[in-house]
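Q: I have a structure here, written as structure tokens, and I will follow up with some questions on it.
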Amino acid sequence: MNNSVAGFSKLSKEDKINWIANQYFSTPSEAVALLKNYWNADEKIQKLHDEFIENTVSNFYIPLGVAPNFLINGKYHTIPMAIEESSVVAAASKAAKFWSARGGFKATVINTEKIGQVHFIYKGDVSKLELFFAQLKSKLFDSTENITRNMQKRGGGILDIVLKNKTNLLPNYYQLHAAFETKDSMGANFINSCLEVFAKTLKEEALAFESFSEEEKNIEVVMSILSNYVPNCIVRAEVSCPIADLAEKHIENPQEFAAKFIQAVQIAEVEPFRAVTHNKGIMNGVDAVVLATGNDFRAIEAGIHAYASKNGQYSSLSHAKIENGNFSFWMEIPLALGTVGGLTSLHPLVKLSLEMLEKPSAKELMQIAAVAGLAQNFAALRSLTTTGIQDGHMKMHLNNILNQFEANEEERNLTRKHFKHNTVSHSAVVDFLENLRK
Ligand code: HMG
Numbered sequence: 041m042n043n044s045v046a047g048f049s050k051l052s053k054e055d056k057i058n059w060i061a062n063q064y065f066s067t068p069s070e071a072v073a074l075l076k077n078y079w080n081a082d083e084k085i086q087k088l089h090d091e092f093i094e095n096t097v098s099n100f101y102i103p104l105g106v107a108p109n110f111l112i113n114g115k116y117h118t119i120p121m122a123i124e125e126s127s128v129v130a131a132a133s134k135a136a137k138f139w140s141a142r143g144g145f146k147a148t149v150i151n152t153e154k155i156g157q158v159h160f161i162y163k164g165d166v167s168k169l170e171l172f173f174a175q176l177k178s179k180l181f182d183s184t185e186n187i188t189r190n191m192q193k194r195g196g197g198i199l200d201i202v203l204k205n206k207t208n209l210l211p212n213y214y215q216l217h218a219a220f221e222t223k224d225s226m227g228a229n230f231i232n233s234c235l236e237v238f239a240k241t242l243k244e245e246a247l248a249f250e251s252f253s254e255e256e257k258n259i260e261v262v263m264s265i266l267s268n269y270v271p272n273c274i275v276r277a278e279v280s281c282p283i284a285d286l287a288e289k290h291i292e293n294p295q296e297f298a299a300k301f302i303q304a305v306q307i308a309e310v311e312p313f314r315a316v317t318h319n320k321g322i323m324n325g326v327d328a329v330v331l332a333t334g335n336d337f338r339a340i341e342a343g344i345h346a347y348a349s350k351n352g353q354y355s356s357l358s359h360a361k362i363e364n365g366n367f368s369f370w371m372e373i374p375l376a377l378g379t380v381g382g383l384t385s386l387h388p389l390v391k392l393s394l395e396m397l398e399k400p401s402a403k404e405l406m407q408i409a410a411v412a413g414l415a416q417n418f419a420a421l422r423s424l425t426t427t428g429i430q431d432g433h434m435k436m437h438l439n440n441i442l443n444q445f446e447a448n449e450e451e452r453n454l455t456r457k458h459f460k461h462n463t464v465s466h467s468a469v470v471d472f473l474e475n476l477r478k
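Start counting the sequence shown at 41; every next residue gets the next number (our numbering).
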């Protein structure tokens, strides 16, 4: 069957659904019914979702959970988490409860600088380009005044613009490399608008620069775009307590636990195969908050993993040590988040999540997301170095297995009762259900 289609984007939503159903499904009516089953009953809300992206045919649900008892810088938070993976919210909640009894989390925003670049090609004398840039710089600021006025009133704007010579990497390749402060907005639109004006000004002014030859005047702008790598937009999250205070269920010997925990972190610091999984555990927490608060998790992921490789080898984002009888665990990560603009005032559940967090500033949200990541990492490492991950993770995953086998209420109750005292594994649950059904 030919599955290509012309003019699909111009079809109505109804026609798009019918086309997909007829093209790919043996029972088209069932596919149509399923897609429509996930539409929101409130037409206004559905229209909002339809218009977030293009060619929308339905909604794709991800659960929104909450992790309470997060004591951060002396204040309690209940953290909204949008995530599909079982045991993440339980793990975050457990770590929050654990640390709330040990002084809580400390979080500090170290800096908040965002980056954007105009990438261009200049074929000519570098010293003339440097002279040109010295004259151009103030014009770049002037030409963006109407875009930056409001941001400046809020205390933000363009921090600096530098000319970067990248000809050691690619022939004739240069950049206008600009730093921005975007306050409570993530700043993508603001930065990209400024950059496009920079690019236009750069080209126009080059044409009028008398010292340039005809070839030099002809600067070619390749592209103007923000960078999602923000190594100067860093938040630090940390916990610490006397080693003896680590004692709890499954931590009978806190000294031994702390030492093993630190070994686990050190392995992630030196071994990329482990570091990727270790950092994935951190991202369980970070992404869930980023998603629930309407931020761009792809940008955050890309930026954080680049930061994890900043020393030339992919490594652990978190670190741990014992000093003077104290156990400390911390991480610093780049997080360019916004609490205004984008989806923040559009998506009803994003609005609700931000309200639950008591309408945080972007800096406060950076702290909360980083703490969720550190908590998640603590919970995972705690399990890995004590009971093993499967014990708790599979306990939480039990419902998914029961759903997969369409267990009835009685089967669910009996299975849950049995696995309170037995190790959960996929095959053990299947065997148990099969025996029940015999
Ligand atoms: P537990 O000790 O069996 O839990 O832990 P509990 O029943 O004793 O309850 C203690 C607290 O945990 C509760 O306090 C809750 O805070 C929380 P309470 O509310 O009773 O006052 N909790 C729950 N919260 C919500 N719903 C629940 C629930 N159960 C407990 N149903 C737990 C069980 C799963 C928390 C623990 O074993 C754990 O933290 N495991 C780690 C799980 C994890 O890291 N999951 C992430 C997915 S695995 C992964 O992707 C990452 C990884 O590969 C990363 C890496 O390798 O580093 C592991």
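Note that CB positions come from ideal geometry on N, CA and C, so glycine has one too.
Cβ atoms of Ile302 and Leu357: under 8 Å apart, would you say?
A: No, the pair does not count as a contact, with Cβ atoms beyond the cut-off.
Q: Using DSSP bridges, identify the partner residues of Trp370.
A: Glu278 and His359, per the DSSP bridge assignment.
Q: Alpha carbons only, please: which of Asn324, Glu363, Arg338 and Asn319 is nearest the one belonging to Ser349?
A: With distances taken between Cα atoms, Ser349 lies closest to Asn319.
Q: What does the alpha-carbon distance come out to for the pair Gly365 and Gly143?
A: Roughly 16 Å separates the two Cα atoms.
Q: Helix, strand or coil: how does DSSP classify Phe252 here?
A: Three-state DSSP puts Phe252 in coil, outside helix and strand.
Q: What does DSSP give as the partner residue(s) for Tyr214 in the beta ladder?
A: Partner(s): Phe160 and Asn205.
Q: Kindly confirm or deny that the segment 185-192 and the segment 119-132 touch, where touching means at least three C-beta pairs closer than 8 Å.
A: With the cut-off at 8 Å, the segment 185-192 and the segment 119-132 do not touch.
Q: Around the Cβ of Phe238, are there at least 16 other Cβ atoms within 10 angstroms (buried) or fewer (exposed)?
A: It counts as buried.
Q: Excluding the 5 residues preceding and the 5 following Asn58 in the sequence, name in chain order all residues of the same chain whose CB lies nearer than 8 Å to its CB.
A: Result list for Asn58: Pro68 and Val72, in chain order.
Q: Terminal residues of the continuous alpha helix (DSSP H) containing Gly105?
A: Looking at the DSSP string, Gly105 is not in any alpha helix (DSSP H); the run it does join, the beta strand (DSSP E), is Leu104 to Ile112.
Q: Measure how close the beta-carbons of Ala113 and Lys137 come, nearest whole angstrom, since I'm counting them as under 8 Å.
A: A quick correction: the sequence has Asn, not Ala, at residue 113. Contact doesn't hold; Cβ gap of about 17 Å is too wide.
Q: I think Cys281 touches Pro374, with their Cβ atoms under 8 Å apart; what is that distance to the nearest whole Å?
A: The Cβ separation is near 27 Å, so there is no contact.
Q: Say yes only if the C-beta of Ile93 is nearer than 7 Å to one or more non-hydrogen atoms of the ligand HMG, and no if none qualify.
A: Incorrect: Ile93 has no Cβ contact closer than 7 Å to the ligand HMG.
Q: With respect to the beta strand (DSSP E) encompassing Tyr116, which residues constitute its N-terminal and C-terminal limits?
A: It spans Lys115 to Ala122 - the beta strand (DSSP E) in which Tyr116 sits, taken as one unbroken run.
Q: Does the beta carbon of Glu125 fall short of 7 Å from some heavy atom of the ligand HMG?
A: Under cutoff, so the answer is yes.
Q: Please indicate yes or no: does the CB of Lys17 lie closer than 7 Å to some heavy atom of the ligand HMG?
A: In the structure as shown, the chain starts at 41 and stops at 478, and residue 17 therefore has no counterpart that could be examined.
Q: Helix, strand or coil for Val262 per DSSP?
A: Reduced to three states, the DSSP call for Val262 is strand.
Q: Only counting runs of 4 or more residues, tell me where the alpha helix (DSSP H) segments fall wholly within the segment 362-428, in order along the chain.
A: As far as the segment 362-428 is concerned, its whole alpha helix (DSSP H) runs of at least 4 residues are 388-396 and 402-425.
Q: Is the Cβ of Glu245 closer than 8 Å to any Cβ of chain C?
A: Among the protein chains of the structure shown there is no chain C, as only one such chain exists.
Q: With the cut-off set at 8 Å, would you say Met226 and Asn335 are in Cβ contact?
A: Yes, these two residues count as a Cβ contact at 8 Å.
Q: State yes or no: is the C-beta of Phe418 within less than 8 Å of the C-beta of Ala141?
A: Not a contact, by the Cβ cut-off of 8 Å.
Q: Would you call the segment 243-262 in contact with the segment 158-174, where contact means no fewer than 3 C-beta pairs closer than 8 Å?
A: Touching, yes, given that three or more Cβ pairs across the two stretches are closer than 8 Å.
Q: For a minimum of 3 consecutive residues, which ranges assigned as the beta strand (DSSP E) are wholly contained in the segment 274-333?
A: Qualifying beta strand (DSSP E) stretches, in chain order: 274-282.
Q: Taking the alpha-carbon positions, what's the His433 to Phe110 distance?
A: Their Cα atoms are separated by approximately 21 Å.
Q: If we call anything under 8 Å between Cβ atoms a contact, is Leu235 one with Ser267?
A: No, they are not a contact pair.
Q: Buried or exposed: where does Pro120 fall if 16 or more other Cβ atoms within 10 Å of its Cβ makes it buried?
A: With 16 or more Cβ atoms within 10 Å of its Cβ, Pro120 is classed as buried.
Q: For the segment 125-184, list the alpha helix (DSSP H) runs that are entirely contained and at least 4 residues long, ordered along the chain.
A: Runs found: 128-140 and 166-183.
Q: Check the C-beta distance from Ala415 over to Ala132 and give it rounded, since I have them as a contact under 8 Å.
A: Indeed, because the Cβ distance is near 5 Å, the residues count as touching under 8 Å.
Q: When the distance is taken between beta carbons, is Ser44 closer than 8 Å to Asn95?
A: Not closer than 8 Å, so no.
Q: Taking all protein chains shown into account, do 16 or more other C-beta atoms lie within 10 angstroms of the C-beta of Gln444, making it buried, or fewer, making it exposed?
A: Gln444 should be labelled exposed.
Q: Got a sec, what are the start and stop residues for the alpha helix (DSSP H) Lys457 sits in?
A: Counting along the chain, the alpha helix (DSSP H) containing Lys457 begins and ends at Glu449 to Phe459.
Q: From what residue to what residue does the alpha helix (DSSP H) around Pro68 run?
A: Pro68 -> alpha helix (DSSP H) spans Pro68 to Asn77.
Q: How should Ala376 be labelled, buried or exposed, when 16 other C-beta atoms within 10 angstroms of its C-beta is the threshold for buried?
A: Ala376 comes out buried.
Q: Confirm the yes/no value for this check: CB of Asn190, any heavy atom of the ligand HMG, distance under 7 Å.
A: Not under cutoff, so the answer is no.
Q: Can you tell me whether Leu438 is helix, strand or coil according to DSSP?
A: Looking at Leu438 - three-state DSSP - the assignment turns out to be helix.
Q: Kindly indicate which residue of Leu421, Val330, Ile198 and Glu70 has the alpha-carbon position closest to the one of Lys223.
A: Comparing Cα positions, the closest option is Ile198.
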